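K.L.:
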Amino acid sequence: MSWGKELWDQYHRIQKQTQDGVEFCERYCQFVRDRCSIELEYAKKLRSLVKKYQPKKKDEDDYKYSSYKAFASTLNEVNDIAGQHEVIAENLLSNVVKEIASLVTQIKAEKKKHVTEGNGLESKYESALKDLEKAKKNYEKHFREAERAQGQYEKLDSDNNVTKADVEKARLTAQQKTQTSDQCKNEYAAQLQQTNKYQSDHYSTYMPAVFQQLQEMDEQRITRMGEVMAKFAETQRQVIPIIGRCLDGITNAANSINPQQDSQLVISRYKSGYVPPGDYPFDDLSANGGNLPKVPSQESIRPGTERKKTKTRDMLKGLFVTSKAKPSDLESMPPEQRKKHIQKELEKLEKEVKKKTDERDAMTRMRELYTQNPQLGDASSIQAQLEENGKELDRLRQDLHKWENLLSEAEGTPTLPTPQTNRSVSQISNLSTASSTLSPNGNAMSPNSSGASPNRHSTSASSISPIQSPSMNDDSSIYHSVTEPASEESLSREPSKGLTRTDSFDGEEAGEYDEEQAIGRCRALYPFESDSEGTMSIQEGEIIDFLSEDDGGWTKARRPTNGEVGYVPTTYLEVEFRY
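Per UniProt numbering, residue 1 is the first one in the sequence shown, and the count goes up by one each step.
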């Protein structure tokens, strides 16, 4: 089926049809560009969405839970999906838009060429028709003139009143007009023959050739458009498997959610390590001067509360100079959390030690290389770096040793004091006045002299408030209050060096304050100078008794030679044996 035969007389329609095809290509090209813009905008918004919901530094602990991890994986997969939409846009621009633009340029050039040729043929055909029309009109004109001249001649020839000269003149004119008419007739006939031949060639040869070229051009355009549309679909189909894998990743992340594991992580994260407190004791009014002490709150019977903040913080400062962990952070943690924190610090220190060791090995090899080949560098320049590295390693190893000791101490299971152990809540209220009462040897008595470690019997500020501080020989009663809050100064006093077997308060329950029994013997690893009340100086290698287990990094100890009692850093001690 050919346009040249079927559409021989529709040149202008064919011309418009091909122009519409070019415009369609341009429109489709713009459609793909808009699609690319949408894909890029969608990818941009997806990335912004992922960025908005990325885990914050403060929430990093939450993202240990499986559901949070699944959400983090979902964010990563969505980010990858955004990347695939960017790939779609890039491939559409490079493969589809570029090809359509090239096709449009090519079609426009070919169309212009063929239309120019067709317009030329049409102009020639129209010119031939005009020449034919002109020859025909000229022939008609001279034919009419010849007829009129012949009629005039016949009229004069039949009129007897006209002279022969006039008749002859009319005859000659008619004869001349007839000859001119015959000549125009011949010209018209020749022009008609020529025009007919050109018309035949025009519609059978010239224009069909142009139509055929335009038809081939348009069919090529349509074919290329089909290929481009297939590429349009294939471009997206190529990323569907990748997007499918991203969706599979989201599904796998969802399937990895483990509620039991998350519950266990909650336990690991918040478990304090304490055991539930026992029953509260019965306080006899007759034994307590008619006043019942306040029931200690949960915070008042838990290590790491008010007194901890004022006493133990000062004691621990020297142990954490090189660590980022604050003493207040460590001392206020429950045992399980403290152990986890210590393990993290140990991991950090081990990494730093490994890093410094690797640096030292590298510097040692470099020094050996410089020694063997002095032209490469000065070996002495490495020595200062090695010395500095050695100091850093020593410091890190000392810190590592301290933290290892703290971890060993944290492996124990601290327990909350039971009401029986804590039966002296009211007595402690009485004993709180002993902070200003001197023992026979001149030492201030400690509220912790009952044998418990500093954190075992911490009492809230609202339950202890000394009002009067009588001397040891004063026969008057020791007054105390359970309602008025104690002053900061009275609560921040350090533990004393302990009561001896002969110390008592007007003979009341003297047996309860007998000298504490040692639970083992230990050796001092390092010297320690006492810098606050309640602590005790020790010398390296000195053998002393320890009266309590570690609590908060401090151990209550006693020097066997003179009976001096005080607190020393637990990490400075090495257990020799237990009784």
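Note that beta-carbon positions come from the ideal geometry of N, C-alpha and C, so glycine has one too. Predicted, not measured: the structure shown is a model, and the values here were computed from it.
Check whether the Cβ atoms of Thr195 and Ala109 lie closer than 9 Å to each other.
P.N.:
No, they are not a contact pair.
K.L.:
Is the Cβ-Cβ distance between Val104 and Cys25 less than 9 Å?
P.N.:
Contact flag set, yes.
K.L.:
To the nearest angstrom, how far is it from the Cα of Glu126 to the Cα of Asn161?
P.N.:
Cα-Cα distance, rounded: 53 Å.
K.L.:
Taking contact to mean at least 3 C-beta pairs separated by less than 8 Å, is the segment 46-66 in contact with the segment 225-238?
P.N.:
Counting Cβ pairs under 8 Å, fewer than three are found: no touch.
K.L.:
Using CA atoms only, rank isn't needed, just tell me which of Gln212, Glu533, Tyr572 is closest to Glu6.
P.N.:
Among Gln212, Glu533, Tyr572, the Cα nearest to that of Glu6 is on Gln212.
K.L.:
Which residues in the same chain have their Cβ closer than 7 Å to the Cβ of Val87, if we skip the five residues on either side of it in sequence?
P.N.:
Excluding residues within five positions, the ones whose Cβ falls inside 7 Å are Val239.
K.L.:
Tell whether a beta-carbon distance below 9 Å holds between Asp79 and Leu46.
P.N.:
Reading off the sequence, residue 79 comes out as Asn, not Asp. Cβ distance < 9 Å, so Asn79 and Leu46 count as in contact.
K.L.:
At 4 residues or longer, and completely inside the segment 546-575: list those alpha helix (DSSP H) runs for me, N to C.
P.N.:
Taking only runs of at least 4 residues, no alpha helix (DSSP H) segment lies wholly in the segment 546-575.
K.L.:
Note down the Cα distance separating Cys522 from Leu573, rounded to an integer number of angstroms.
P.N.:
Whole-angstrom Cα-Cα distance: 6 Å.
K.L.:
Distance, Cα to Cα, Gln183 vs Leu214?
P.N.:
Their Cα atoms are separated by approximately 44 Å.
K.L.:
Taking the straight line between their C-alpha atoms, what separation do you get for Met207 and Gln106?
P.N.:
Near 22 Å, if we compare the C-alpha coordinates of Gln106 and Met207.
K.L.:
Apart from the five residues just before and just after Thr18, which ones in its own chain have a Cβ nearer than 6 Å to its Cβ?
P.N.:
Hits under 6 Å: Lys111, Leu214, Asp218.
K.L.:
Nearest to Asp157 by CA position, among Ala174, Leu93, Phe143, Arg397, is which residue?
P.N.:
The residue with the shortest Cα to Cα distance from Asp157 is Ala174.
K.L.:
Once you ignore the five residues that flank Glu117 on each side, which residues in its own chain have a CB closer than 7 Å to its CB?
P.N.:
So the qualifying residues of the chain are Val210.
K.L.:
Check whether the segment 397-412 touches the segment 343-354, counting contact only when three or more Cβ pairs, one atom from each stretch, lie closer than 8 Å.
P.N.:
Taking 8 Å as the limit for Cβ pairs, the verdict is that the segment 343-354 does touch the segment 397-412.
K.L.:
What is the C-beta distance between Tyr139 and Tyr198, in whole angstroms, given that I count them as a contact (C-beta under 8 Å)?
P.N.:
That belief does not hold up - the Cβ atoms of Tyr139 and Tyr198 are roughly 19 Å apart, past 8 Å.
K.L.:
Given that a residue counts as buried once 16 or more other Cβ atoms are within 10 Å of its Cβ, and exposed if not, what is Leu547?
P.N.:
Per the 10 Å Cβ criterion, buried.
K.L.:
Please say whether Ala70 and Ser263 have beta carbons closer to each other than 9 Å?
P.N.:
No, the Cβ-Cβ distance between Ser263 and Ala70 is not below 9 Å.
K.L.:
How many Å lie between Lys339 and Gly377 at the Cα?
P.N.:
C-alpha separation (whole angstroms): 48 Å.
K.L.:
Reducing DSSP to helix, strand and coil, say where Phe528 ends up.
P.N.:
Note: Phe528 maps to strand in three-state DSSP.
K.L.:
Nearest by alpha-carbon distance to Asp166: which of Ala190, Gly120, Tyr153 is it?
P.N.:
Cα-wise, what sits closest to Asp166 is Tyr153.
K.L.:
Can you tell me which of the three DSSP states Phe282 falls into?
P.N.:
Residue state, collapsed to three classes: coil.
K.L.:
Quick one: is Met1 buried, meaning 16 or more other Cβ sit within 10 Å of its Cβ, or exposed?
P.N.:
With fewer than 16 Cβ atoms within 10 Å of its Cβ, Met1 is classed as exposed.
K.L.:
What did DSSP end up calling residue 580 once you bin it into helix, strand or coil?
P.N.:
For the chain, the structure presents residues 1 to 579; residue 580 sits outside this window and is missing.
K.L.:
Select from Ala135, Gln176, Gln150 the residue whose C-alpha is nearest the C-alpha of Lys185.
P.N.:
Lys185 has its Cα closest to that of Ala135, out of Ala135, Gln176, Gln150.
K.L.:
Where Val568 and Asp284 are concerned, what is the direct C-alpha to C-alpha distance, given to the nearest angstrom?
P.N.:
Each residue's alpha carbon lies about 37 Å from the other.
K.L.:
Over what stretch of residues does the alpha helix (DSSP H) that includes Ser268 continue unbroken?
P.N.:
Ser268 -> alpha helix (DSSP H) spans 259-270.
K.L.:
Hey, is Cys36's beta-carbon within less than 9 Å of any beta-carbon in chain D?
P.N.:
Although the question refers to chain D, the structure presented lacks it and comprises just one protein chain.
K.L.:
Are at least three pairs of beta-carbons, each pair with one atom in the segment 263-279 and one in the segment 95-104, less than 8 Å apart?
P.N.:
Segments in contact, no.
K.L.:
Just curious, the alpha helix (DSSP H) that Lys355 is in, first and last residue?
P.N.:
Its alpha helix (DSSP H) spans residues 335-372.
K.L.:
Rounded to whole angstroms, what's the CA-CA distance from Tyr579 to Lys556? Just pull it up for me.
P.N.:
Cα-Cα distance, rounded: 16 Å.
K.L.:
Please report the distance separating the alpha-carbon of Asp279 from that of Pro334.
P.N.:
Straight-line Cα distance between these residues: approximately 22 Å.
K.L.:
Pick out whichever of Ser66, Tyr68, Ala149, Cys36 has its Cα sitting closest to the Cα of Val96.
P.N.:
Out of Ser66, Tyr68, Ala149, Cys36, Cys36 has the C-alpha closest to the C-alpha of Val96.
K.L.:
Can you say whether Lys137 is buried or exposed, counting buried as having 16 or more other CB atoms within 10 angstroms of its CB?
P.N.:
By the neighbour-count rule (16 or more Cβ atoms within 10 Å), Lys137 is not buried but exposed.
K.L.:
Less than 8 Å between the CB atoms is what I'm expecting for Asp550 and Glu359, so what's the real figure, rounded?
P.N.:
Not quite, the Cβ-Cβ distance comes to about 35 Å (not below 8 Å), so this is no contact.
K.L.:
Helix, strand or coil for Leu519, going by three-state DSSP, please let me know.
P.N.:
For the sequence presented, residue 519 should be read as Ile rather than Leu. Ile519: coil per DSSP, three-state reduction.
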